[in-house]
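Taken in order, the sequence shown gives residues 4 to 245; the numbers are from my numbering. The structure under discussion appears below in the form of structure tokens.
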Amino acid sequence: MDRVDRTTLLARLARKIAEYGPELPLETRLCRAYLAIVGGDGAAITLSYTEPSRVTLCATDDVAARLEDLQDVLGEGPGPTAYVAETAMATDVRVDRDRWPLFTEAAREVPGVRTVYAVPMRPGQRTIGVLTVHQNADDLPDGDRAQFLADAIGAALMKDPPPPVESDLDPGPWSTRAQIHQATGMVLMQLRISPTDAMALMRAHAFSHSTTLAEVAEQITSRRLRFSDDGTDAEHDAESES
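Structure below.
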């Protein structure tokens, strides 16, 4: 996947988040945006999938919630395996009976489910959770795009890393944080979204371009990067840098 394609996907993610009202939690809007872009009938975001601290942040419908519960109770399915193996997993519950027999048998009783597709969220060096999509069809989403968006959403859900230690040789963390706050304000004005959403998009952009949040903030405040409603400015920047 090239740089322009990544930027286009992030622009679509930004537009979808902006479309959903600010009264919805960020994780719900991210989950719905992922479903709208990747395709499917329902989706869920679950962190720490096979660990005691496991928590489902969002399920777009009752079916998605039921599938997450089944995998939690049974201890098997594409979600747990995707989390441990750190790679996407899929199953057609109508024909697959060997790999996760307990889950597929139970999932066949859930109306409207044919395929379940689980994608690990892997920002940085570790998997933090899984995005799971279900649909009543046997086709699967584009694997590269589904994985990229899952990783970007994982980055958007993460908290900021600790600021660097201040020294006499640099302006220190306070100026960096001030620039990040300024950039956050610019993004929220560009897209008419909340500060939390703006920061999430900046983190996702930093992850997708293998850079730091501070560098993204500098690009925004210097007006070399703009999150517009249609994403055209961001795409233009990506083309000029490639």
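Ideal placement from N, C-alpha and C gives every residue a C-beta, glycine not left out.
Within 8 Å, strictly: CB atoms of residue 71 and residue 103: Position 68 of the sequence shown, counted from the first residue, corresponds to residue 71. Position 100 of the sequence shown, counted from the first residue, corresponds to residue 103. Going by C-beta atoms, residue 71 is not nearer than 8 Å to residue 103.
Three-way DSSP call (helix, strand, coil) for residue 182 in this model: Taking the sequence shown and counting its residues from 1, one reaches residue 182 at position 179. DSSP places residue 182 in helix when its eight states are reduced to three.
Residues near residue 203 in its chain [Cβ-Cβ closer than 8 Å; skip 5 each side]: By one-based count along the sequence shown, residue 203 stands at place 200. Answer for residue 203: 20, 29, 33, 159, 160, listed in chain order.
N- and C-terminal bounds of the beta strand (DSSP E) containing residue 196: Numbered from its first residue, the sequence shown carries residue 196 at position 193. Unbroken run through residue 196: none, as it is neither H nor E.
Alpha-carbon spacing of residue 153 relative to residue 23, whole angstroms: In the sequence shown, counting from the first residue as 1, residue 153 sits at position 150. In the sequence shown, counting from the first residue as 1, residue 23 sits at position 20. Each residue's Cα considered, the two are about 19 Å apart.
Continuous beta strand (DSSP E) stretch holding residue 95: start and end: For the purposes of this step, residue 95 is taken as the residue at position 92 of the sequence shown. Unbroken beta strand (DSSP E) run through residue 95: 92-95.
Cβ neighbour criterion (16 or more within 10 Å) applied to residue 215: Position 212 of the sequence shown, counted from the start, is the residue given in the question as residue 215. So residue 215 counts as exposed.
Three-state secondary structure (DSSP) of residue 48: Counting from one through the sequence shown, the residue named residue 48 turns up at place 45. DSSP places residue 48 in strand when its eight states are reduced to three.
Candidates 105, 56, 133: closest to residue 121 by CA position: The residue labelled residue 121 in the question sits at position 118 within the sequence shown. Of the listed residues, the one whose Cα sits closest to residue 121 is 133.
Cβ pair residue 186, residue 155 closer than 8 Å: The residue given as residue 186 occupies position 183 in the sequence shown. The residue given as residue 155 occupies position 152 in the sequence shown. No, they are not a contact pair.
Pairwise C-alpha distance: residue 47 and residue 297: Since the first residue shown for the chain is 4 and the last is 245, residue 297 is missing from the structure and cannot be characterised.
Cutoff 7 Å; reference residue 97; Cβ partners in own chain excluding five residues on either side: Reading the sequence shown from its first residue, position 94 is the one you call residue 97. For residue 97, where only same-chain residues beyond five positions count, the Cβ hits under 7 Å are 111, 117.
First through last residue of the beta strand (DSSP E) which encompasses residue 138: Along the sequence shown, read from residue 1 onward, the residue named residue 138 stands at position 135. Its beta strand (DSSP E) spans residues 132-138.
Residues that DSSP places opposite residue 123 in a beta bridge: Working through the sequence shown from its first residue, we reach residue 123 at position 120. DSSP lists 133 as partners of residue 123.
Whole-angstrom distance between residue 127 and residue 94, CA atom to CA atom: As a working note, residue 94 is residue 91 in the sequence shown. As a working note, residue 127 is residue 124 in the sequence shown. One C-alpha to the other measures close to 27 Å.
Length of the line joining the Cα atoms of residue 193 and residue 68: The sequence position of residue 193 within the sequence shown is 190, counting from 1. The sequence position of residue 68 within the sequence shown is 65, counting from 1. Approximately 34 Å, taken between the alpha carbons.
Integer Cβ distance of residue 41 from residue 149, believed to fall under 8 Å: Position 38 of the sequence shown holds residue 41. Position 146 of the sequence shown holds residue 149. That belief holds up - the Cβ atoms of residue 41 and residue 149 are roughly 5 Å apart, short of 8 Å.
Own chain residues within Cβ distance below 6 Å of residue 184, not counting five before or after: Within the sequence shown, the letter at position 181 stands for residue 184. Taken in chain order, the list of residues that qualify is empty.
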